[in-house]
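Take 60 as the starting number for the sequence shown in my numbering and just add one per residue. Cβ coordinates follow ideal geometry from the N, Cα and C atoms, glycine included. Here the structure is a predicted model, which means the values were calculated and not measured. In what follows, a single structure is set out as C-alpha cells and then discussed.
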Amino acid sequence: MAQMSDKYGVKGGVSFTNMRGQADAASRTDWRTGFNAGVYGRIAASKHLGLQAELLYATNGATVTYDDLNNQKTTFKLDYLDLPVFAVIGIGHVVEVHAGAYAGYLLSSSVNSANDLGSANGVLDRADLHTEDYGLVLAISANLGRLQIGVQHLHGLAELAGSTNAQLLLGNAHNSTFQVYLAMPLNHQ
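Right, here's the structure in full:
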C-alpha cells in the first residue's frame, strides 16, 4: 500500500465543463474547455488514509443551442473559486481514490447569445445567477515520483439560475466538471 504523508502543494490542469438539467427549449449543450489552478493541503490520518482540502480557481460553463429561439446559441462562461474537501485512500503503491464534497463561489460570469437575427452580449449577468455552488467530488490519481496525475469530477447539486430570466435559459441546470490535473508537493516527502 502507498504510504500517506502530510503535504501541501500546487495543482492545475484542463477542465471540461457542461451543465446538466437544461431548460426544455435547449436542444444541445456543448462542453466548454477551460482550466483549473490552485493549492492543496493534506493531513495523513494513517499510512493509507488522508484528508485533503484544495482551493482552486476553476472555469465552468457551456454553449447551449436553443432551436426554438431562432437557432440561438448562448455561451455561459462562469469562473469559480472552489473548495473541495475529500478523503484520500491509497490503493497499491501508486493509485489513490478521492471522495468528498465541494463548495464554490461564483467570481464572474459572461453570458452571450447569437442567433439568426444577430448577437447580444450580457444576456445575463452575475446578479441573475446563484453565487453559491456545491456538490460531490470523486477522483482517481496516480503518484509518479513527486508528481501526481489525476482525473477529478465535480458533480454540482446547486441550481445555477437565480432569476426569472436565468430560469428561462437555464431551467434547473447544475454544473458538471471533469478536471485532468497535475499536482506537485512543495514540501519534502
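Within this structure, are the beta carbons of residue i and residue j separated by less than 8 Å?
i, j, result
"residue 145", "residue 196", "yes"
"residue 125", "residue 99", "no"
"residue 149", "residue 63", "yes"
"residue 242", "residue 106", "no"
"residue 165", "residue 193", "no"
"residue 88", "residue 77", "yes"
"residue 171", "residue 156", "no"
"residue 162", "residue 188", "no"
"residue 118", "residue 74", "yes"
"residue 219", "residue 133", "no"
"residue 174", "residue 130", "yes"
"residue 136", "residue 120", "yes"
Between which residues of its own chain and residue i is the CB-CB distance below 6 Å, once the five residues before and five after are set aside?
i, result
"residue 212", "197 and 237"
"residue 90", "75 and 77"
"residue 147", "109, 111, 155 and 157"
"residue 65", "102 and 103"
"residue 86", "124 and 126"
"residue 214", "194 and 195"
"residue 208", "201 and 241"
In chain order, what residues of the same chain lie with their CB nearer than 7 Å to the CB of residue i, ignoring the 5 residues before and after it?
i, result
"residue 80", "230, 231, 232 and 233"
"residue 239", "72, 73 and 210"
"residue 245", "67, 68 and 69"
"residue 185", "165, 167 and 168"
"residue 221", "187, 188 and 189"
Could you check whether the Cβ of residue i sits closer than 7 Å to any heavy atom belonging to the ligand ATP?
i, result
"residue 144", "With respect to the ligand ATP, the structure offers nothing, as it holds no ligand at all."
What does a CB cutoff of less than 8 Å around residue i pick up in its chain, not counting 5 residues either side in sequence?
i, result
"residue 216", "193, 194, 195 and 233"
"residue 60", "In this prediction, residue 60 has a pLDDT of 40, which is less than 50 and means its spatial position is unreliable; nothing more can be read from the coordinates."
"residue 191", "162, 163, 164, 165 and 217"
Who are residue i's beta bridge partners in DSSP?
i, result
"residue 123", "88 and 133"
"residue 236", "76 and 213"
"residue 182", "None, per the DSSP bridge assignment."
"residue 141", "115 and 163"
"residue 101", "66 and 111"
"residue 146", "110 and 158"
"residue 96", "71 and 116"
"residue 192", "163"
"residue 25", "Because residue 25 is not part of the residues shown, which for the chain are 60 to 248, the question remains open."
Should the segment 112-119 be regarded as contacting the segment 85-100, the criterion being three or more beta carbon pairs within less than 8 Å?
yes
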